[in-house]
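This report refers to the structure that appears directly beneath it.
Protein chains: 2
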Amino acid sequence: MSGTSLDGIDVAVVEIARGRIQPLIFKTTPYPNAVREALLSVSNGMTHTAVIARLHFLLGELYADAIRATCHRRVPLKSIDLIGMHGQTIFHEGAPIEYLGHRIASTFQIGDPAIVAERTGIRTISNFRERDIAAGGRGAPLVPYVDQLLFRHRTKTRVALNIGGIANISVVHPLTQAKKPTIAFDTGPGNMVIDALVRRMTDGKAAFDRAGDIARAAQVHSKMLDGMLRDPYFKLAPPKTAGREQFGQDFAAGLIATGVPLEDLIATATEFTVRSIAVAIATHAPPESEVIASGGGIHNTHLMQRLRALLPAVSLTTSADFGIDPDAKEAIAFAALAHEFVQHRPANLPSATGARRAVLLGRDTPA
Amino acid sequence: MSGTSLDGIDVAVVEIARGRIQPLIFKTTPYPNAVREALLSVSNGMTHTAVIARLHFLLGELYADAIRATCHRRVPLKSIDLIGMHGQTIFHEGAPIEYLGHRIASTFQIGDPAIVAERTGIRTISNFRERDIAAGGRGAPLVPYVDQLLFRHRTKTRVALNIGGIANISVVHPLTQAKKPTIAFDTGPGNMVIDALVRRMTDGKAAFDRAGDIARAAQVHSKMLDGMLRDPYFKLAPPKTAGREQFGQDFAAGLIATGVPLEDLIATATEFTVRSIAVAIATHAPPESEVIASGGGIHNTHLMQRLRALLPAVSLTTSADFGIDPDAKEAIAFAALAHEFVQHRPANLPSATGARRAVLLGRDTPA
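Read top to bottom, the protein sequences are chains A and B. Per my numbering, residue 537 is the first one in the first sequence, and the count goes up by one each step. Per my numbering, residue 537 is the first one in the second sequence, and the count goes up by one each step.
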């Protein structure tokens with residue numbers, strides 16, 4: 537898995553047997569700087585077709601290298617049945633637009649699975665998002681299906697909460713109500729607004745509010761907060777997706793322009809994230825649900841404390857309590873999705889992506 | 537199959553049983569003009585990543601439409617087991633270059649197989665060229681493998697000759713020598729130089745020398761011809777590929793600059809094509825081989841007569857004599873290659889592509 541943050545290549549080695557997903561190893565290999573810059577230049581921008589083609593094959597090589605390095609001396613490559621390769625998204629437009637007379641949604645991941653399969657000798661499943669779009673979905677989110685596999689409880693409702701740049705939840709109903717579709721959507725901002733404000737306040741020296749110390753010591757401006765929470769996004773029914781453009785740099789710039797001290801803006805933005813998450817959970821899950829958090833936001837203890845305060849009946853844990861390294865969850869998810877593909881099990885959740893039907897996600901490159 | 541000429545979408549319906557390839561239907565659906573223009577703009581040029589992503593999904597829709605239109609009232613879609621989808625090449629660089637510290641060859645076909653599989657309900661095999669490149673090959677040519685399947689004779693050597701813009705041959709040894717690798721390579725120019733000269737001579741009113749009438753009535757300049765045939769390309773040992781840049785517009789412009797009358801240039805260019813093909817066949821196949829021609833060049837009767845004159849012992853036929861519409865051959869080839877993939881048979885010829893080994897070509901999208 538390679539995220540849109542362009543950090544690098546996350547490799548998770550996972551054992552799946554009798555429906556149980558057991559993470560074994562996790563390792564992140566950073567992209568070389570020149571590769572990150574090339575990816576930045578092609579992601580949603582003008583480029584030469586040659587650059588995309590070359591990067592497609594180069595990423596195949598880097599992915600194969602990362603897989604070998606992760607397994608080296610720990611797991612023999614020969615013992616691995618399957619690779620689930622998400623690839624690097626360089627464009628995603630889940631909502632259809634009018635294009636040359638057709639309604640077209642699209643998604644574009646690069647990283648050549650033929651290179652990965654040839655270098656590793658391992659069957660490789662790739663292109664997970666395309667079929668969901670073909671079936672009328674937005675091609676995302678795909679992780680909620682895996683949240684079901686990982687977290688479904690016999691009697692309790694569980695909510696998988698990921699606090700990345702954007703925050704999202706999957707409401708996984710108990711086995712006794714397994715027919716009820718999993719609700720999954722972006723709740724709104726995660727760390728993105730907070731991080732942008734911290735970078736501004738520290739002239740780029742800090743990238744995030746460590747443990748929430750800045751927010752904890754400052755003042756929430758409640759009128760400003762109320763205004764933020766009136767954003768029509770929060771009234772939309774799921775499934776829905778929030779974008780980088782919605783709660784990103786521009787949003788932070790608007791806050792800064794008010795002249796309110798940056799500490800207070802950070803406190804207010806943190807409370808904004810907390811409140812939008814809490815409302816989403818309170819609306820879509822029973823009060824005594826178990827909330828399992830992952831993503832960078834879990835290290836913001838102030839944010840986590842505020843969430844606990846707003847959702848007093850909820851039990852709030854992190855995925856680490858379930859043996860899932862919060863940073864590894866997405867990579868683990870694509871191993872699980874590859875497994876579902878070879879088991880011929882449709883793995884998109886129409887309730888989460890908006891697809892007309894559940895379909896087999898993936899494309900198969902033989903060993 | 538969609539060729540680099542960007543004409544449109546060739547659909548061949550083929551029955552394959554007990555090793556026999558039986559073409560049933562062939563239909564070309566032209567690309568809408570706006571799509572052709574968009575493809576031209578992204579093919580080997582600067583573009584926005586969004587355009588490639590959207591075209592990828594749009595072509596999926598157009599391919600599915602073309603398949604349905606071809607089968608309509610003739611073959612029920614439900615009776616079709618498999619689609620072999622070449623896609624539209626928008627970049628190909630079979631020889632590796634130095635790229636960000638790696639040796640990278642690449643190829644790039646668009647047209648989303650997930651859309652095709654979802655719309656038709658038919659299992660779709662795509663991405664044929666990538667695995668050959670992963671195995672160190674140039675990703676082309678892939679048709680010679682199918683020439684073997686179509687044309688291999690018990691005792692006779694057969695040469696599949698395609699005269700398109702560029703001309704190429706596959707030398708298919710008899711069954712009695714089936715261990716001898718098929719030799720396949722571009723012999724040099726096909727119609728490309730001739731066509732460029734005709735367009736110039738007629739101010740674009742004619743696109744080719746119909747039946748070779750211009751060449752037949754004009755004078756070959758033998759000194760000029762000798763110079764052309766000294767091109768180092770003809771000394772290279774196969775496998776080798778000739779490009780549009782090598783025997784295209786620029787080459788024709790150089791000829792025009794000599795001031796020789798255009799008719800004579802057309803006669804000389806035609807003889808150049810004939811001689812380079814004849815030398816290639818004489819060098820790599822026995823004198824009494826059977827040569828099976830396809831491609832637009834077969835309609836140039838002067839060219840075909842000259843070939844017969846230079847290869848007197850050869851029997852020169854066209855693929856139509858074997859039940860293969862010369863225009864349909866490539867589309868038929870990708871149906872056959874899809875069949876080979878699902879039969880788990882490696883279908884690249886290392887002798888033709890330069891790959892280190894024979895590999896399974898394709899990526900599998902389930903129905």
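We put the beta carbon where it would ideally sit given N, CA and C, even for glycine. Quick caveat, the model's predicted, so the values are computed rather than measured.
Minimum Cβ-Cβ distance from residue i to chain B less than 8 angstroms
{"i": "V878(A)", "result": "no"}
{"i": "T643(A)", "result": "yes"}
{"i": "I626(A)", "result": "yes"}
{"i": "F593(A)", "result": "yes"}
{"i": "E634(A)", "result": "no"}
{"i": "N836(A)", "result": "no"}
{"i": "S541(A)", "result": "no"}
{"i": "H608(A)", "result": "no"}
{"i": "I640(A)", "result": "yes"}
{"i": "T820(A)", "result": "For the record, residue 820(A) in the displayed sequence is His; it is not Thr. No, H820(A) lies away from the interface with chain B (no Cβ there is under 8 angstroms from its Cβ)."}
{"i": "P904(A)", "result": "For residue 904(A) there is no data in the structure shown, the boundaries of chain A being 537 and 903."}
{"i": "A570(A)", "result": "yes"}
{"i": "E597(A)", "result": "yes"}
{"i": "L896(A)", "result": "yes"}
{"i": "P886(A)", "result": "no"}
Through-space distance from residue j to residue i, alpha-carbon basis
{"i": "T565(A)", "j": "E597(A)", "result": "13 angstroms"}
{"i": "S538(B)", "j": "P677(B)", "result": "15 angstroms"}
{"i": "P823(A)", "j": "A856(A)", "result": "22 angstroms"}
{"i": "S812(A)", "j": "M764(A)", "result": "10 angstroms"}
{"i": "G647(A)", "j": "T583(A)", "result": "17 angstroms"}
{"i": "T809(A)", "j": "G726(A)", "result": "6 angstroms"}
{"i": "S577(A)", "j": "P568(A)", "result": "14 angstroms"}
{"i": "H628(B)", "j": "I669(B)", "result": "11 angstroms"}
{"i": "A818(B)", "j": "H622(B)", "result": "32 angstroms"}
{"i": "G832(B)", "j": "G724(B)", "result": "15 angstroms"}
{"i": "R610(A)", "j": "Y599(A)", "result": "18 angstroms"}
{"i": "V734(A)", "j": "I802(A)", "result": "7 angstroms"}
{"i": "L847(A)", "j": "V695(A)", "result": "12 angstroms"}
{"i": "V682(A)", "j": "T606(A)", "result": "22 angstroms"}
{"i": "I834(B)", "j": "I705(B)", "result": "14 angstroms"}
{"i": "A829(A)", "j": "T540(B)", "result": "50 angstroms"}
Element boundaries [beta strand (DSSP E), containing residue i]
{"i": "K563(A)", "result": "R556 to P566"}
{"i": "E826(B)", "result": "E826 to S830"}
{"i": "A641(A)", "result": "H638 to I646"}
{"i": "I545(B)", "result": "G544 to A553"}
{"i": "F870(B)", "result": "That residue, F870(B), is in no beta strand (DSSP E); its alpha helix (DSSP H) goes K865 to V878."}
Secondary structure of residue i, DSSP reduced to three states
{"i": "L697(A)", "result": "strand"}
{"i": "L852(B)", "result": "strand"}
{"i": "F895(A)", "result": "It should be noted that the sequence gives Val, not Phe, for residue 895(A). Residue state, collapsed to three classes: coil."}
Segment limits, alpha helix (DSSP H) that includes residue i
{"i": "D836(A)", "result": "Sequence inspection shows Asn at residue 836(A); the Asp mentioned does not correspond to that position. Counting along the chain, N836(A) falls outside any alpha helix (DSSP H), and DSSP gives it neither H nor E."}
{"i": "Q684(A)", "result": "V679 to F687"}
{"i": "F664(B)", "result": "F664 to A670"}
{"i": "P725(B)", "result": "No alpha helix (DSSP H) holds P725(B); the beta strand (DSSP E) holding it covers I719 to P725."}
{"i": "G779(A)", "result": "Note, G779(A): premise wrong, no alpha helix (DSSP H); not H, not E."}
{"i": "F808(A)", "result": "L798 to H820"}
Proximity test, Cβ basis, 8 angstroms: residue i and chain A
{"i": "E654(B)", "result": "yes"}
{"i": "N698(B)", "result": "no"}
{"i": "L576(B)", "result": "no"}
{"i": "G581(B)", "result": "yes"}
{"i": "D767(B)", "result": "no"}
{"i": "H622(B)", "result": "no"}
{"i": "N663(B)", "result": "yes"}
{"i": "T585(B)", "result": "yes"}
{"i": "D617(B)", "result": "no"}
{"i": "A891(B)", "result": "no"}
{"i": "P677(B)", "result": "no"}
{"i": "P649(B)", "result": "yes"}
{"i": "T901(B)", "result": "yes"}
{"i": "I588(B)", "result": "yes"}
{"i": "E666(B)", "result": "yes"}
{"i": "E824(B)", "result": "no"}
{"i": "E629(B)", "result": "yes"}
Supposed close pair residue i, residue j - CB separation, criterion 8 angstroms
{"i": "A548(B)", "j": "A864(B)", "result": "5 angstroms"}
{"i": "A903(A)", "j": "R667(B)", "result": "That pair is no contact at about 11 angstroms."}
{"i": "D722(B)", "j": "T643(B)", "result": "16 angstroms between Cβ atoms; not a contact."}
{"i": "I552(A)", "j": "L686(A)", "result": "Not really, about 11 angstroms apart at Cβ, beyond 8 angstroms."}
According to a CB-to-CB cut-off of less than 8 angstroms, which residues of the stretch 697-722 of chain B neighbour chain E?
No chain E is part of this structure, whose protein chains are labelled A and B.
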